[in-house]
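This report refers to the structure that appears directly beneath it.
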Amino acid sequence: MCPSLQLLLAQWNGVMRASCSSEGDQLLYSWTLNGDPLMGGNSTIDLNEGTDGNISCSVKNHVSHAQKIIRLVCPAVSVVFVLVWCFQLMVLLGLLGGFHIYMRHT
Numbered sequence: 001m002c003p004s005l006q007l008l009l010a011q012w013n014g015v016m017r018a019s020c021s022s023e024g025d026q027l028l029y030s031w032t033l034n035g036d037p038l039m040g041g042n043s044t045i046d047l048n049e050g051t052d053g054n055i056s057c058s059v060k061n062h063v064s065h066a067q068k069i070i071r072l073v074c075p076a077v078s079v080v081f082v083l084v085w086c087f088q089l090m091v092l093l094g095l096l097g098g099f100h101i102y103m104r105h106t
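According to UniProt numbering, the residues represented by the sequence shown are 1 to 106, in order.
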């Protein structure tokens, strides 16, 4: 039984979901973030989007146990956020430029 830890980031609702999967019977999951226990004993856990540090998933049953640790690094600014902001700025400048040209010709 060797767990694999997979992270999925859902930026549109501010939630990062960590999921830990393993095979076996009567699996017990536990999670820690920077050594501190996290609530929930399920195979998935939801974290705030800005969560940073070491997240650990431990899986055990009557036969074996395993643990996987990964490092979460929160980027300072999302690339998607910057691109959307630039697009909005271009649209706004285009509208202002069009309005200026319209006012000069009336």
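For glycine and all other residues, C-beta sits at the position ideal for the given N, C-alpha and C.
query                                                                                                                                                        : result
May I ask you to report which of helix, strand or coil DSSP gives residue 108?                                                                               : Outside the displayed range of the chain (1 to 106) lies residue 108, so it cannot be described from this structure.
For SER30 and PHE99, I'd like the C-alpha separation in whole angstroms.                                                                                     : 59 Å
Secondary structure at MET16, three-state DSSP: helix, strand or coil?                                                                                       : strand
Under the rule that 16 or more other beta-carbon atoms within 10 Å means buried, what is CYS86, buried or exposed?                                           : exposed
Quick check on DSSP: helix, strand or coil for LEU27?                                                                                                        : coil
Below 8 Å on the Cβ atoms is my contact criterion, and I expect SER21 with ALA66 to pass it. Report the Cβ-Cβ distance as a whole number of Å.               : That pair is no contact at about 11 Å.
Consult DSSP for HIS65 and reduce its assignment to one of helix, strand or coil.                                                                            : strand
Exposed or buried, which one is MET39 when buried takes at least 16 other CB atoms within 10 Å?                                                              : exposed
According to the neighbour-count rule (16 or more other Cβ atoms, all chains shown, within 10 Å of its Cβ), is residue 188 buried or exposed?                : Outside the shown range of the chain, which is 1 to 106, sits residue 188, and nothing can be said about it.
Using a Cβ-Cβ cut-off of 6 Å (strictly less than) and excluding sequence neighbours within five positions of LEU33, which residues of its own chain qualify? : GLY53 and ILE55
How many Å lie between LEU83 and LEU92 at the Cα?                                                                                                            : 14 Å
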